[in-house]
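Engineer: Sequence positions in the sequence shown follow the numbering used here and run 3 to 319.
Glycine residues also receive a C-beta, built at the ideal position from the N, C-alpha and C atoms.
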Amino acid sequence: MAADADGLARAAALIGAGGLVALPTETVYGLGADATDPEAVAAIYAAKGRPRFNPLIAHVATVEAALGEGTFDEAALRLAEHFWPGPLTLVVPAASTGSVCDLARAGLDSVALRVPAHATARALLERVGRPVAAPSANRSGRVSPTSADHVLTDLDGRIAAVLDGGACPVGVESSVVACLGGPPRLLRPGGVTRAAIAAVLGFAPEAGGDPGSRPVGPGLLASHYAPRAGVRLDATGLEPGEAVLLFGAFRPAGLDRAAAVETLSARGDPAEAAARLFGALRRLDASGAPTIAVVPVPEEGLGEAINDRLRRAAAPR
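1) Just tell me which of T148, V130 and A245 has its CA closest to the CA of A15.
2) Using beta-carbon positions only, say whether A237 and V297 come within less than 8 Å of one another.
3) Can you list, in chain order, the residues of its chain with a C-beta nearer than 6 Å to that of A48? Leave out the 5 residues immediately preceding and following it.
4) Is the region 174-187 close to the region 91-109, with three or more CB pairs under 8 Å?
5) Where does T91 fall in DSSP's three states?
6) Just the Cα atoms here: how many angstroms apart are V263 and P242?
7) Here's a check: name, in chain order, each residue in its chain whose Cβ is nearer than 6 Å to the Cβ of I59, leaving out the five neighbours to either side.
8) Based on the DSSP secondary-structure assignment, which residues constitute the bridge partners of T265?
9) Output the distance between the C-alpha atoms of A5 and S149, rounded to the nearest integer angstrom.
10) Is T122 helix, strand or coil when you go by DSSP?
11) Would you give the residue range spanned by the alpha helix (DSSP H) that I199 belongs to?
12) Roughly how many angstroms separate the alpha carbons of M3 and R259, rounded to a whole number?
13) Can you tell me whether DSSP reads E208 as helix, strand or coil?
14) Per DSSP, which residues does R311 bridge with? Please list them.
15) Keeping to the same chain, check which residues put their C-beta closer than 8 Å to that of P207; ignore five residues upstream and five downstream.
16) DSSP state of A136, grouped into three classes?
17) If you count every other CB in all the chains shown that lies within 10 Å of the CB of F252, and 16 or more means buried, which is it?
18) Hey, out of L203, A19, L283 and D104, whose CA is closest to V174's CA?
19) Do G192 and P26 have their CB atoms nearer than 8 Å?
20) Looking at the structure shown, is H182 part of a helix, part of a strand, or coil, going by DSSP?
21) Could you check which residue in R107, D36, D111 and S146 has the C-alpha nearest to that of T29?
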């Protein structure tokens, strides 16, 4: 559906009736459903094939709406005031006044909240008038979608509609910060850099939780964002038949025999690379190559988020 007044009205009506609608955000497309309705949330898990213990982000239109869903300490308030609307998710204790259902919170006493910056997402949330659970609109563990076509590749026939808002400008998921008592923890690097978070807090957030423990936020499974092909990181040379993902000026040995080639950013710009990451992985996967070799990507700035997604894509499945 077009992201016009008619499309927004139809999308809001579908969500209000318990349906699943994919919607654009500044990060990636989300698979939206009424976060207060356990049956609608269950339909998200079914469409994605998502493990039930992995909580979902509840998206709301305003900071005020978020404050009704969660209990914010001083650090959480500071981050919300500075980065919302925007690509930051805050995991906070669920408020007694909250309406996000237990299934969306994966049975936890915390809730993951975000106020997106994308104009279409905000307009839809205002029309729905309640929290919308919206994990990435793809099969669980697969490459996240940054266009409406990506959504349909994975979920055509499994959801009610896609609200087409064009390409997502950030291109990697939101950063996830847990404020659950004690120092804030950066659970997942994303669209807001670690340095930007530290600048607002006045100190660096602690590292994420125990990777073997039950996830308290989205996108924390060891294997995630994975194409069907294997992924080999920090490649300095190519094996026969491999596809390759390039960054900057570096060229691996054997490039001339690559099965397919994609470039994240020829000029080595992490922001451009983040916006292109998931689309490039999808195109390389479509080449049929058994392995995607990825050249080194620096960790600076958004490079941390890019490498986090690549490491999860390369993890054993």
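Structural biologist: Let's see:
1) V130
2) yes
3) none
4) yes
5) strand
6) Going by the C-alpha atoms only, they are around 13 Å apart.
7) T91, A114, R116 and P220
8) T265 is bridged to L248.
9) 13 Å
10) helix
11) R196 to L203
12) Between the C-alpha atoms of M3 and R259 there is a straight-line separation of about 41 Å.
13) Assignment of E208 by DSSP, reduced to helix, strand and coil, places it in the strand class.
14) Answer by DSSP bridge pairing: none, since R311 is not bridged.
15) V179, P185, P186, R187, L188, R196, I199 and A200
16) coil
17) exposed
18) Nearest neighbour of V174 by Cα position, chosen from L203, A19, L283 and D104, turns out to be L283.
19) no
20) Strictly speaking, residue 182 in this sequence is Leu, with His absent from that position. Correct three-state label for L182: coil.
21) S146
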